[in-house]
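Input: a single structure, listed below in structure tokens.
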Amino acid sequence: MSQFNFNSVIAVRKNKKIYRDGDRVMKVFNSDYSKTDVLNEALNQARVETTGLNIPKILEVSQTTDGEWVIVTEFIEGKTLQQLMDEFPEDKEKYMEMFVKLQIEVCKNKCTLLTKLKDKMTNKIELANIDSATKYELRTRLEGIARQNQLCHGDFIPSNIILKEDGTLYILDWAHATQGAPCCDAARTYLTYCLDNDFDTANQYLEMYCNLSGIPTRNIQRWLPIVAASQSVKNVPEERELLLSWINVQDFE
2 MSQFNFNSVI AVRKNKKIYR DGDRVMKVFN SDYSKTDVLN EALNQARVET TGLNIPKILE
62 VSQTTDGEWV IVTEFIEGKT LQQLMDEFPE DKEKYMEMFV KLQIEVCKNK CTLLTKLKDK
122 MTNKIELANI DSATKYELRT RLEGIARQNQ LCHGDFIPSN IILKEDGTLY ILDWAHATQG
182 APCCDAARTY LTYCLDNDFD TANQYLEMYC NLSGIPTRNI QRWLPIVAAS QSVKNVPEER
242 ELLLSWINVQ DFE
């Protein structure tokens, strides 16, 4: 087992902290995360490594002396696209284009050992606090559109993309990776912006994604009720009103 240096905190997330120790990064999970959750996240990332995409390599999965689980990966030097968009708002469109093109490239890959997106979304719909008729309509919709098996990141946002000085882009956080429809991945990104009340950027993203991918906007909109139902399972009170309005499948016909 490696010795860990927890002096340099680089990020704090709900239920976890991320530290840098030289050329490696340690993601430390609190007791809310089970061994199964942590090992599944590490396995997802290890599987995605086989695609050849630029992602931090898994170096180790271990435990602290307090029994908290730790995933150790390579440290990637650079700034996230979100940091760059915030620092240089005049270049936001340039960074957004880099972001969208990367997402399109990611979803051209396949990783057949990952969980199927259709199965994951079916489970989320069942867990959602919505009436049985709406669940049935969402399952029916999912059955009709979940026909692809491309690599989907599941949380593709600018803060998960690092731009190195040499121009190389690296993709972080593969905890939610699945194999499924790229349109769902795009719908998830769009939803994230909307939940942050950044509707201008959400619409900028959606327009650019559709223009660069050639995918009609309606194909992504068909996924919005499903990704909204999936997100609602997290039970964040301030999100519920917006999510429930999106879960109404008639709104996106």
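Basically the working numbering = 1-based index in the sequence shown + 1.
Think of the CB as a built atom: it goes at the ideal place given N, C-alpha and C, for glycine as much as any other residue.
Using CA atoms only, rank isn't needed, just tell me which of the options is closest to residue i.
i: Glu106; options: Gly53, Thr141 and Thr66; result: Gly53
i: Asn236; options: Thr190, Leu128 and Pro217; result: Leu128
i: Ile162; options: Thr66, Phe5, Gln83 and Ser63; result: Gln83
i: Leu196; options: Thr179, Leu244, Ala182 and Tyr206; result: Leu244
i: Lys258; options: Lys102, Gln149 and Leu103; result: Summary: the structure shown does not reach residue 258, with the chain confined to residues 2 through 254, and so no result is reported for it.
i: Val234; options: Ile126, Lys15 and Asn198; result: Ile126
i: Lys36; options: Val26, Gln180, Thr193 and Ser63; result: Ser63
i: Arg189; options: Trp224, Phe200, Gly145 and Val26; result: Trp224
i: Ala187; options: Lys102, Ser133 and Ala176; result: Lys102
i: Thr169; options: Ser231, Ile227 and Asn55; result: Asn55
Residue i to residue j, Cα distance in whole Å?
i: Glu138; j: Ile248; result: 10 Å
i: Arg142; j: Met122; result: 11 Å
i: Leu85; j: Asn220; result: 30 Å
i: Ile216; j: Asp33; result: 39 Å
i: Glu242; j: Asp167; result: 43 Å
i: Met2; j: Cys112; result: Because Met2 carries a pLDDT of 48, less than 50, the predicted location of this residue cannot be relied on, and the following value inherits that uncertainty. Cα to Cα, Met2 sits roughly 30 Å from Cys112.
Mapping DSSP to helix, strand and coil, what is residue i?
i: Ala230; result: helix
i: Val71; result: strand
i: Ala203; result: helix
i: Glu78; result: coil
i: Tyr210; result: helix
i: Phe30; result: strand
Could you check where the alpha helix (DSSP H) with residue i kicks off and where it finishes?
i: Asp120; result: Leu118 to Leu128
Is it the case that the Cβ atoms of residue i and residue j are separated by a distance below 8 Å?
i: Asp24; j: Glu69; result: no
i: Lys165; j: Glu94; result: no
i: Met209; j: Glu91; result: no
Determine the extent of the beta strand (DSSP E) in which residue i is found, giving its start and end residues.
i: Cys153; result: Gln151 to Cys153
i: Ile163; result: Ile162 to Leu164
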